[in-house]
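Here's the structure we're looking at; comments come further down.
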Amino acid sequence: MTDRGAPGGSTRSAAEWFAVMRGPAADAERAAFEDWRQNAANADAYARIEASWEDSRFLANRPIGRNRDLSRARRRTPPAALLAAGIAALTLLSASLLAHQMGWLGTPRGEPRAATPLAAGAAITYARLADGSRVTLDRGTELRDLSTADERRFMLVRGRARFDVAHDAARPFLVDSGASRVVAHGTVFDVGIEAGTVRVTLIEGSVEVRGRTTGAPAKGAARFLAPGEELLVRAGAVGTPARAAAASLAWAEPMISFDAEPIAGAVAAFNRGSGRAVRLEGEGFAALRVSGAFRRDDPQGFADALAASFELAVEPAKDGSLVLRARPSNAPVRGEAGAR
Numbered sequence: 001m002t003d004r005g006a007p008g009g010s011t012r013s014a015a016e017w018f019a020v021m022r023g024p025a026a027d028a029e030r031a032a033f034e035d036w037r038q039n040a041a042n043a044d045a046y047a048r049i050e051a052s053w054e055d056s057r058f059l060a061n062r063p064i065g066r067n068r069d070l071s072r073a074r075r076r077t078p079p080a081a082l083l084a085a086g087i088a089a090l091t092l093l094s095a096s097l098l099a100h101q102m103g104w105l106g107t108p109r110g111e112p113r114a115a116t117p118l119a120a121g122a123a124i125t126y127a128r129l130a131d132g133s134r135v136t137l138d139r140g141t142e143l144r145d146l147s148t149a150d151e152r153r154f155m156l157v158r159g160r161a162r163f164d165v166a167h168d169a170a171r172p173f174l175v176d177s178g179a180s181r182v183v184a185h186g187t188v189f190d191v192g193i194e195a196g197t198v199r200v201t202l203i204e205g206s207v208e209v210r211g212r213t214t215g216a217p218a219k220g221a222a223r224f225l226a227p228g229e230e231l232l233v234r235a236g237a238v239g240t241p242a243r244a245a246a247a248s249l250a251w252a253e254p255m256i257s258f259d260a261e262p263i264a265g266a267v268a269a270f271n272r273g274s275g276r277a278v279r280l281e282g283e284g285f286a287a288l289r290v291s292g293a294f295r296r297d298d299p300q301g302f303a304d305a306l307a308a309s310f311e312l313a314v315e316p317a318k319d320g321s322l323v324l325r326a327r328p329s330n331a332p333v334r335g336e337a338g339a340r
């Protein structure tokens with residue numbers, strides 16, 4: 001499981017990198033670590049260390065692990081060597097136990113957990129989680145809380161969610177979705193499902209994105225995102241981080257802003273975060289442009305502001321939507337509005 005001299009620019013072993021990336025120097029070493037992990041052999045060795053550590057962490061929380069006396073461990077053993085030795089010993093000790101008691105992703109088969117659902121209907125929904133974290137659910141989103149005493153874990157079933165994670169060093173914060181797992185390190189990030197593809201976007205802090213599959217190794221190396229970056233996970237394969245579009249970062253904000261946006265585009269963008277649709281009916285709107293900030297949860301206010309700015313009529317339709325059309329006595333005023 002060593003990789004000394006392998007392509008990737010570092011002579012550290014997988015065990016040494018594993019210790020570094022979970023220590024105080026993780027941020028400073030991240031660029032060098034990602035360069036080292038570009039090599040397929042290095043990535044595979046690191047993934048095996050990581051998988052062994054997850055198994056051993058479970059065992060440490062079982063009675064057999066809690067009752068072990070490690071006080072005689074030699075203090076002068078290098079941290080990386082101690083970590084590697086501990087992983088090997090705990091993995092061997094736990095193998096038969098895990099085969100009978102563990103399901104996929106570390107769920108004990110003899111200890112079923114009831115998933116607590118969180119769901120958003122026709123409007124963006126804001127909620128505070130039991131640990132103090134905050135979550136914003138896009139329209140039609142379903143999120144399940146699978147947390148235990150040892151970890152905070154959530155399953156995104158459909159839609160898109162933003163997580164503002166409260167710090168808790170003792171309980172990692174995990175979000176599973178499709179073929180991806182996001183490990184948060186005190187941060188703000190989005191996870192969304194788009195036609196079978198998972199999109200992860202980081203706003204603040206740091207997250208690690210991993211692929212996950214059943215009965216087979218995950219495809220592609222795990223990736224760390226920097227603020228303002230996003231990546232896609234397809235069929236368990238983790239893509240390359242790229243700069244996120246500004247529009248994809250603003251969807252969860254309570255206000256939506258436009259700067260000389262064509263009215264058709266502004267209405268479409270507003271509707272994506274509102275429970276009540278606003279529609280344009282008729283012709284003559286192409287030259288109208290909208291500037292201003294509007295509350296996402298106030299479609300009536302948005303429609304009224306456009307109607308006042310452009311001398312339009314606003315009427316409720318039978319389906320509940322709000323229809324904007326030219327007033328019978330005049331055509332829409334052509335120009336730019338500063339509605340707020």
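Residue numbers for the sequence shown follow my numbering, so the first one is 1 and each next one is one higher. Where is the CB? At the ideal position from N, CA and C, for every residue including glycine.
Based on DSSP bridge pairs, tell me the residues matched to residue i.
i      : result
Ala313 : Arg325
Leu231 : Val200
Arg295 : Met255
Ser177 : Ser180
Glu194 : Thr197
Asp138 : DSSP output for Asp138 lists no bridge partner at all.
Val278 : Leu322
Asp164 : Arg134, Val188
Leu143 : Leu118, Leu156
Thr125 : Leu137
Ala305 : Paired residues: none, contrary to the question.
Glu208 : Val183, Phe224
Arg238 : The sequence shown places Val at residue 238, rather than the Arg named in the question. In DSSP, Val238 forms a bridge with Val233.
Arg243 : Glu229
Give a yes or no on whether the C-beta atoms belonging to residue i and residue j are separated by under 8 Å.
i      : j      : result
Glu230 : Val200 : yes
Arg187 : Leu232 : Strictly speaking, residue 187 in this sequence is Thr, with Arg absent from that position. No, they are not a contact pair.
Leu118 : Asp150 : no
Pro322 : Arg276 : The sequence shown places Leu at residue 322, not Pro. The answer is yes: Cβ separation under 8 Å.
Ser180 : Val207 : no
Val267 : Val278 : yes
Ile345 : Phe294 : Residue 345 is absent from the model: the chain starts at 1 and stops at 340.
Ala166 : Asp190 : no
Ala184 : Phe163 : yes
Gly282 : Arg327 : no
Arg158 : Pro172 : no
Gly211 : Phe258 : no
Ile343 : Ala26  : Here the chain covers residues 1 to 340 and nothing more, so residue 343 does not appear.
Ala221 : Ala43  : yes
Ala41  : Asp297 : no
Can you tell me the Cβ-Cβ gap for residue i and residue j, rounded? I've got them flagged as a contact below 8 Å.
i      : j      : result
Phe302 : Phe270 : 6 Å
Ile193 : Leu156 : 7 Å
Here's the rule: buried if 16 or more other CB atoms are within 10 angstroms of the residue's CB, otherwise exposed. What is residue i?
i      : result
Asp131 : exposed
Tyr46  : buried
Ala19  : buried
Ser128 : Note on residue identity: the sequence assigns Arg, not Ser, to residue 128. Answer is exposed; the Cβ neighbour count stays below 16.
Ser248 : exposed
Thr319 : It is Asp, not Thr, that sits at residue 319 in the sequence shown. Under this definition Asp319 is an exposed residue.
Gly110 : Here Gly110 scores only 36 on pLDDT, less than 50, and its place in the model is too uncertain to base an answer on.
Gln38  : exposed
Gly121 : exposed
Arg243 : exposed
Ala246 : exposed
Ala308 : exposed
Glu16  : buried
Gly178 : buried
Arg12  : buried
Pro241 : buried
Ala305 : buried
Pro299 : buried
Arg75  : Reliability fails at Arg75, whose pLDDT of 47 lies under 50, so the model's placement of it is uncertain and the value that follows must be treated cautiously. Result: exposed.
Stretch-stretch touch, CB-based, cutoff 8 Å, three pairs: the region 296 to 315 with the region 132 to 146: no
Sufficient close CB pairs (3 or more, under 8 Å) joining the region 232 to 244 to the region 255 to 270: no
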